[in-house]
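Order-wise, the sequence lines are chains Y and B.
When we follow numbering that gives the first Met the number 0, the leftmost residue of the first sequence carries the number 0, and every step to the right adds one.
When we follow numbering that gives the first Met the number 0, the leftmost residue of the second sequence carries the number 0, and every step to the right adds one.
There are 2 protein chains.
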Amino acid sequence: MCELFGLSANRDVLVNFTWRGFLERGEIHYHGWGVAWYLNKGVCLVKEPRPASKSPIAKLLLSGVKSRIVISHVRFASQGEPAYINTHPFVRKLYKREWVFAHNGDVSGIMGSSEFRLKYYFPVGDTDSEYAFCYIMDNLRELSEEVNSIIKTSKTIWELADEIGDYGKFNFLLSNGEYLFSYMNRSGTLHYLLRHPPHRVYVKLEDEDFEVWLEEIKSPDEYAALIATKPLTNEEWVPLEPNSLYVLGDGSILLKVNNRGKLEHMLSETEVEVLRLVRTNPRSVELIRLSRALGLDLNHAYNIVRALIAKGFLRKDRRYLVPMNSPEARFFTEPKRRELIDTVVLRVRP
Amino acid sequence: MCELFGLSANRDVLVNFTWRGFLERGEIHYHGWGVAWYLNKGVCLVKEPRPASKSPIAKLLLSGVKSRIVISHVRFASQGEPAYINTHPFVRKLYKREWVFAHNGDVSGIMGSSEFRLKYYFPVGDTDSEYAFCYIMDNLRELSEEVNSIIKTSKTIWELADEIGDYGKFNFLLSNGEYLFSYMNRSGTLHYLLRHPPHRVYVKLEDEDFEVWLEEIKSPDEYAALIATKPLTNEEWVPLEPNSLYVLGDGSILLKVNNRGKLEHMLSETEVEVLRLVRTNPRSVELIRLSRALGLDLNHAYNIVRALIAKGFLRKDRRYLVPMNSPEARFFTEPKRRELIDTVVLRVRP
């Protein structure tokens, strides 16, 4: 058995508080621990085949890991003996990006099966986890340039997870440095938490007598989404739906591929309305216009716009030199999210 | 261009002082840095594709890496773009042990050559270095159980290094967790330092205004051997002989395979005399007998015995309950060093 911890945020954040709670779990899961984080597009990775709770490095790192995407793992070996090469996370490169993977479960059946023969990526260690990762990477590689489509990539990962998941428990965290993908196929074995502003709440670690006033450690426009095997704090952790792939980016859940392989967004109705209005307009749209069209007061409309900016869906038109919350401020959809907006939010067929 | 740093010691030591000097070099070698160390037989490894001098993790690790064997690398990419998968050191497992490798130089010619076709170990990244490592591991694997012979293994590594070295600069550090192997084929591009007691000396870092009185940070029976591209301190760093493989263990140079592939030890004549006397005796040998046979006073004889214990060649016979320096204290040769003593020190044919 192992435990997983993942983070997606809209800016580089220190993960010390919640991750500290996670590393405590290393007392039970004592065969090793690892943490990978992205530094721009490069991966940094620390792994040790010993308990995190006994590692001075793990303690030191608590004040040193700052990133938008973090994947961490504590391990109790089921497959493969305790060794560096069997310690999660694993890294492979696909075209210009490095991908990181960590797994909780057992799908060792795929290792002997001819259906899962590897072509291009091969494991260095002995685990079924690294094998499954190589199989996923082989298939993503076959997408060729389509790997740049978040829709195509998410659907492919879901299909592969669904296929591998037939062989046993398959909970994983996967990232390409921009998105964090999370999948679970056994109820209640992965949870997510959205830590969005305002951060006016006392947070207490589950396993330790340690409490913080979140506003003190989080800036007002910091969005983070966390994934963990078990809730790590007294906040509102939500169980993942089984056999669903969650796609996290910029501290939010951007997309879900549900248990029937269908795409779902996680936005509110009003957020969808704002995106429809802005996306279908040939030019950028004024805040005042949004406020009127939606029948919302200006401040409310601005709060929705601000959230959509934090989640990476909207961007302010900088040619209009007015403050963000001015009625004349204008907004357009973030180019990198347009595929997602069109396909999943607005259901526009290309 | 890159720089290498290696350490072998007779006990777990903190590498903070000299390694600190090494990491300063990360300002020039800015494509990445990595450090691997052994924790018992397991490997811990930290790698980042960014300058060590800008890494908070590197600073934190200065007080956290404690081991008998350390391999560190700062990288200026010549082959393969800056990425985690191209950052040294690399790890592979052979039978029960994990091996670590870091390289300085360029032998990219071997990657296209049919003579260097890989069989069992394959690179994850794009570097000639990882490729060369896989080639070495493939060949060590073919030794089968003979990989447990330090003589056979050292000769094999020397032969492989000699072969690969025809393709360019090939300086490397390699370890199996017990021995540290070091090879260089360009004069003056690797140096070793023996830091043996008494540690009564002021040591100053070359690149920084930083000085320590070694006795304060080293215990009186701490033996360490260090390898670095350039001298890191004002101590007596010795250039490695080109095309020679140095085999370090327990903080000493145990063995050298010279540029003609011949085995040499690095012991003094008196040390060899002591080992001959003890090894050829059917029982353990008394200190007083050693002292008389060699014509040395008891204290001098004891000092030689103590150094041979630190270097892992001798062991006290615990059945004789007298202090180590008593005339009646008895010593025998360390079983793990007998192959080395017989073959290299005493030139006994089996």
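Ideal Cβ positions, reconstructed from N, Cα and C, are used throughout, including at glycine.
Treat the numbers as computed from the prediction; the structure is a model and nothing was measured.
Within chain Y, the residues that residue i reaches when beta carbons sit closer than 9 angstroms
i	result
Ile150(B)	Simply none; closest approach about 26 angstroms.
Nonlocal neighbours in the same chain, by C-beta distance under 6 angstroms from residue i, ignoring five residues either side
i	result
Lys255(Y)	Ser243, Tyr245 and Glu263
Ala82(Y)	Pro48
Ile135(Y)	Leu159
Leu179(B)	Gly5, Ser7, Ile68 and Leu247
Leu61(Y)	Asn15 and Arg19
Ala57(B)	Leu22 and Ala51
Ser128(B)	His102
Tyr166(Y)	Val106, Gly108 and Ile109
Chain Y residues whose Cβ lies nearer than 7 angstroms to that of residue i
i	result
Val123(B)	Arg91 and Val123
Val45(B)	Val45
Nearest residue (CA-CA) to residue i, options the options
i	options	result
Thr152(B)	Val347(B), Arg346(B), Leu345(B) and Leu339(B)	Leu339(B)
Phe132(B)	Asp105(B), Glu144(B) and Glu145(B)	Asp105(B)
Phe379(B)	Arg278(B), Asn170(B), Glu215(B) and Pro197(B)	The structure shown does not extend to residue 379(B), since chain B is modelled only from 0 to 349, so the question has no answer here.
Ile226(B)	Gly31(B), Leu6(B) and Glu2(B)	Leu6(B)
Ser71(B)	Glu158(B), Val99(B) and Lys92(B)	Val99(B)
Glu240(Y)	Ala223(Y), Arg185(Y), Ser62(Y) and Pro326(Y)	Arg185(Y)
Ser181(B)	Ala224(B), Glu210(B) and Arg199(B)	Ala224(B)
Val42(B)	Leu307(Y), Gly187(Y), Gly31(Y) and Tyr301(Y)	Gly31(Y)
Ser107(Y)	Gly176(Y), Gly164(Y), Leu231(Y) and Ser62(Y)	Gly164(Y)
Ser148(B)	Gly250(B), Lys335(B), Val284(B) and Leu320(B)	Lys335(B)
Phe115(Y)	Thr126(Y), Tyr130(Y), His102(Y) and Val123(Y)	Tyr130(Y)
Pro230(Y)	Asp11(Y), Pro322(Y) and Thr17(Y)	Thr17(Y)
Asp296(B)	Val45(B), Pro326(B), Thr232(B) and Ser112(B)	Pro326(B)
Asn103(B)	Asn170(B), Lys154(B) and Met323(B)	Asn170(B)
Glu270(B)	Phe121(B), Leu173(B) and Leu289(B)	Leu289(B)
Leu276(B)	Ala300(B), Val211(B) and Asn258(B)	Ala300(B)
Thr232(B)	Glu215(B), Gly250(B), Val200(B) and Asn258(B)	Val200(B)
Arg337(Y)	Glu285(Y), Leu293(Y), Leu253(Y) and Ile287(Y)	Leu253(Y)
Enclosing beta strand (DSSP E) for residue i [first to last residue]
i	result
Phe115(Y)	Unbroken run through Phe115(Y): none, as it is neither H nor E.
Trp157(Y)	Taken as a continuous stretch (DSSP letters only), Trp157(Y) belongs to no beta strand (DSSP E), being part of the alpha helix (DSSP H) at Ile149 to Gly164.
Trp32(Y)	Gly31 to Leu38
Ser7(B)	Cys1 to Leu13
Thr232(Y)	Counting along the chain, Thr232(Y) falls outside any beta strand (DSSP E), and DSSP gives it neither H nor E.
Lys335(Y)	Counting along the chain, Lys335(Y) falls outside any beta strand (DSSP E), and DSSP gives it neither H nor E.
Lys65(Y)	Lys65 to Arg74
Lys386(B)	The structure shown has nothing for residue 386(B), since chain B only spans 0 to 349.
Ser243(Y)	Ser243 to Gly248
Lys255(B)	Ser251 to Val256
Ser423(B)	As displayed, chain B neither begins before 0 nor continues past 349, which places residue 423(B) out of reach and without an answer.
Tyr191(Y)	His190 to Arg194
Partners in chain B for residue i, counting only beta-carbon separations shorter than 7 angstroms
i	result
Gly41(Y)	Pro48, Arg49, Pro81, Ala82 and Tyr83
Gly63(Y)	Pro55, Ile56 and Leu59
Where residue i meets chain Y, residues with beta-carbon distance less than 8 angstroms
i	result
Glu97(B)	Ala82, Tyr83 and Ile84
Own chain residues within Cβ distance below 7 angstroms of residue i, not counting five before or after
i	result
Arg140(B)	Leu93 and Tyr119
Trp157(Y)	Leu244, Val256 and Gly260
Ser283(Y)	Asp316, Arg329, Phe330 and Phe331
Glu23(B)	Ser52, Asp206 and Glu207
Ile84(B)	Val123 and Gly124
His117(Y)	Reading the sequence as shown, one finds Leu at residue 117(Y) and not His. Around Leu117(Y): Cys133, Tyr134 and Asp137.
Neighbouring residues, chain B, relative to residue i (Cβ below 8 angstroms)
i	result
Leu38(Y)	Glu47, Pro48 and Arg49
Host alpha helix (DSSP H) of residue i (start-end)
i	result
His299(B)	Leu297 to Ala309
Ile135(B)	Asp127 to Glu141
Ala101(Y)	Ala101(Y) -> not in any alpha helix (DSSP H); beta strand (DSSP E) instead, spanning Arg96 to Gly104.
Arg275(B)	Glu268 to Arg278
Arg288(Y)	Leu286 to Leu293
Ala57(Y)	Pro55 to Leu60
Leu213(B)	Leu213 to Ile216
Close beta carbons around residue i, own chain, < 8 angstroms, minus the five adjacent residues each side
i	result
Leu274(Y)	Leu266, Leu307, Phe312, Leu313, Thr332, Ile340, Val344 and Leu345
Glu2(B)	Phe21, Arg24, His28, His72, Val73, Asn103, Ala227, Thr228 and Lys229
Leu213(Y)	Arg194, His198, Arg199, Val200, Tyr201 and Val202
Phe121(Y)	Cys133
Thr155(B)	Asn138, Leu139 and Leu142
Interface flag, residue i vs chain D, CB-CB below 9 angstroms
i	result
Asn85(Y)	No chain D is part of this structure, whose protein chains are labelled Y and B.
**Prompt:** Hey, is the segment 186-193 of chain B in contact with the segment 231-240 of chain B, meaning 3+ C-beta pairs nearer than 8 angstroms?
**Reply:** yes
**Asked** Is there contact between the segment 320-330 of chain B and the segment 207-221 of chain B, where contact requires at least three CB pairs shorter than 8 angstroms?
**Response** no
**Item:** Any 3 or more C-beta pairs closer than 8 angstroms across the segment 34-47 of chain Y and the segment 202-213 of chain Y
**Value:** no
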